[in-house]
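Note that my numbering gives residue 1131 to position 114 of the sequence shown, counting from 1, and the numbers run on in steps of one.
Here's the structure, in C-alpha cells; my notes come after.
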Amino acid sequence: MLKVFILKTFYSLRPFIKKLALKNIIAIKNLTEFYQKHPDSKSSIETWIAVIKHAVWQKPSDVVQDFSDADPVKNNRVVFNIARNKYRLIVQISYLRQWVFIKFIGTHSEYDKVDASTVEQF
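Here it is, written out as C-alpha cells:
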C-alpha cells in the first residue's frame, strides 16, 4: 500500500520536478568539437543547447513548439536545422528521463547519406 502511495505521489509531482531539472545532454562534447571545426555553427548550437536545457518535452509535438523547423522521425529522434539549414543535428530523446542523446551532426550533404532513424555517429 505504501509503495502505491509513493508511486502516485511521484507521478503527481513529476511535472513540477521536471520543470526544476535541467536536461541531460549525452555526448555534448561532440557539439563543441563540431563548432570548433565549423565556427559558423557555434551560435546556432549554443542557442539550441540553451533552449533544450530548459525545455520540458513530453512528446515530439512539444519539440516542434520550441523549434518549428524540427523534424520528428522514428525511434524518438528529431532532426534539427543548424546555421540556417547548412548543418543537421540528429538527437534521440528520452521523454521520460528528459535526456537528449546526440546521434549525428554534420553538413547537409553528409546528412543526406545517413538514415536519421538509425544513425549512431557517436
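All residues carry an ideal CB built from backbone N, CA and C; glycine is no exception.
Bear in mind the structure is a predicted one, so any value in this text is a computation, not a measurement.
Residue span of the alpha helix (DSSP H) that contains residue i, given as start and end
| i | result |
| --- | --- |
| S1126 | 1125 to 1128 |
| V1090 | That residue, V1090, is in no alpha helix (DSSP H); its beta strand (DSSP E) goes 1088 to 1090. |
| F1139 | Unbroken run through F1139: none, as it is neither H nor E. |
| A1067 | 1059 to 1071 |
In DSSP terms, what residue i is bridged to
| i | result |
| --- | --- |
| Y1104 | I1099, T1124 |
| N1111 | It is worth fixing the name first, because residue 1111 is Ser in this sequence and not Asn. Paired residue(s): W1116. |
Test item: CB-CB of residue i and residue j under 7 Å
| i | j | result |
| --- | --- | --- |
| R1094 | S1134 | yes |
| F1139 | I1119 | yes |
| V1117 | K1040 | yes |
| S1126 | I1099 | no |
| V1068 | D1079 | no |
Rounded straight-line distance, which links the Cα of residue j to that of residue i
| i | j | result |
| --- | --- | --- |
| K1059 | I1045 | 13 Å |
| A1038 | L1113 | Unreliable positioning characterises A1038 in this predicted model, as indicated by a pLDDT of 49, which lies under 50. The coordinate reading is nonetheless provided below. Approximately 12 Å, taken between the alpha carbons. |
| K1103 | T1124 | 6 Å |
| P1056 | F1097 | 18 Å |
| I1066 | K1076 | 18 Å |
Enclosing beta strand (DSSP E) for residue i [first to last residue]
| i | result |
| --- | --- |
| P1077 | Where P1077 is concerned, there is no enclosing beta strand (DSSP E), although the alpha helix (DSSP H) it sits in stretches over 1077 to 1083. |
| N1041 | 1041 to 1043 |
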